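Just so you know, we're using my numbering here: the sequence shown kicks off at 111 and counts up by one. All C-beta atoms, glycine included, are put in the ideal place defined by N, C-alpha and C. Being a predicted model, the structure only gives us computed values, none of them experimental. What follows is a single structure, written as structure tokens, with notes after it.
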Amino acid sequence: MQLLTRLGLDTGFTVDRLDLDPVARAGLEVDPRWAHAPYIVKNPWICDYIEELLVDPELRVDHVFVPVRDFEAAAASRVRVQKEHTGVEDGPATVPGGLWNASRAADQTEVLRERFTRLVEQLVRFDVETTFLWYPRLTQDAPYLHAKLSRGLNMPDLATFTATFDATVRPDWVHSFTPNDRNAEG
């Protein structure tokens, strides 16, 4: 969302209002059901109510971009954030970027698999244009991300995009947890 905002796209945020959680290093979620939602929204919880969005005649879903990360690595990342916020890996405390629909770290991978499957099933069922983005490649390869985002958004030329990408992406914020989570190729 930081990158898209800095590129001038309608994210509902401004360059001076891009506050992220300092531990999760994430944020900027907007509920697309909100009456004043911008054209571009980021919200992982859409997995929980995707069908509601797709059957609502008041909402328009033109394209969905789905970041895909090794499930074990994604779970490990959430466990790390949970522990940094609370001091423990398990527990019911809800923290930004921490455990999601799980109170035990051991359950997080399966929860992520279930949410991903539910999302993809509904996107296919309703024939929604969808582009998958491999993580961490989307944080390492500006031409790759530019090409992927161009499938559903009006992107500037590659040089402008790359300059903004380089000024926005923080490689030191990208953690690796599994072999498939370490490089652009997966």
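Pairwise C-alpha distance: residue j and residue i
i           : j           : result
residue 296 : residue 249 : At residue 296 the pLDDT is 47, less than 50, meaning the model places this residue with poor confidence and gives no usable figure here.
residue 143 : residue 196 : 31 angstroms
residue 114 : residue 266 : 11 angstroms
residue 252 : residue 125 : 20 angstroms
residue 182 : residue 221 : 11 angstroms
residue 202 : residue 213 : 5 angstroms
residue 280 : residue 270 : 18 angstroms
residue 148 : residue 173 : 14 angstroms
residue 235 : residue 206 : 30 angstroms
residue 123 : residue 112 : 8 angstroms
residue 177 : residue 192 : 21 angstroms
residue 194 : residue 200 : 12 angstroms
residue 159 : residue 230 : 12 angstroms
Proximity of residue i and residue j at Cβ, strictly below 8 angstroms
i           : j           : result
residue 119 : residue 156 : no
residue 179 : residue 276 : no
residue 218 : residue 188 : yes
residue 232 : residue 169 : no
residue 274 : residue 117 : yes
residue 216 : residue 209 : no
residue 243 : residue 175 : yes
residue 139 : residue 152 : yes
residue 261 : residue 254 : no
residue 268 : residue 285 : no
Opening and closing residue of the beta strand (DSSP E) in which residue i lies
i           : result
residue 240 : 240 to 244
Unbroken alpha helix (DSSP H) run spanning residue i, endpoints
i           : result
residue 253 : 252 to 259
residue 116 : 112 to 116
Simplified DSSP assignment, three categories, for residue i
i           : result
residue 202 : coil
residue 191 : helix
residue 165 : helix
residue 171 : coil
residue 222 : helix
residue 284 : coil
residue 289 : helix
residue 230 : helix
Buried or exposed (CB count within 10 angstroms, at least 16 for buried), residue i
i           : result
residue 237 : exposed
residue 167 : exposed
residue 289 : exposed
residue 204 : exposed
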